[in-house]
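Undergrad: Got a structure here, written out as structure tokens. Questions coming.
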Amino acid sequence: MSYFPTIPKEYEIICLLTLNRGQTFERGKIYDRVWGLEGSGDDTVIMEHIHARGQI
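According to the working numbering, the sequence shown is numbered sequentially starting from 169.
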């Protein structure tokens with residue numbers, strides 16, 4: 169098993185996706201669950217976190 173450093177929000181996104189394997193989330197729902205912003209954030213932020221972790 170290998171470990172890689174993450175920032176807190178990346179870790180929360182990874183946990184959300186891992187704990188809900190097979191489920192599809194709209195970006196707004198990820199914002200709601202991770203940032204608590206009810207889908208009002210910038211879509212590019214989520215994609216940057218996910219692309220930075222291409223291992224997901």
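For glycine and all other residues, C-beta sits at the position ideal for the given N, C-alpha and C.
Just so it is clear, the structure is predicted and the values come from calculations on it, not from any experiment.
With distances taken Cα to Cα, identify the nearest neighbour of Glu194 among Glu180, Glu178, Ile214.
TA: As a working mapping, residue 194 is identified with position 26 in the sequence shown. Closest option to Glu194, Cα to Cα, is Ile214.
Undergrad: Give me, in chain order, the residues of the same chain whose beta-carbon lies closer than 7 angstroms to that of Leu205; leave out the 5 immediate sequence neighbours on both sides.
TA: Numbered from its first residue, the sequence shown carries residue 205 at position 37. Closer than 7 angstroms at Cβ, skipping near neighbours: Tyr199.
Undergrad: In whole angstroms, give me the CA-to-CA distance for Val202 and Ile182.
TA: Mapped onto the sequence shown, residue 202 falls at position 34. Mapped onto the sequence shown, residue 182 falls at position 14. So the two alpha carbons sit approximately 10 angstroms from each other.
Undergrad: Does Arg201 come out as helix, strand or coil in the three-state DSSP assignment?
TA: Walking along the sequence shown from the start, residue 201 turns up at place 33. Three-state DSSP puts Arg201 in a helix.
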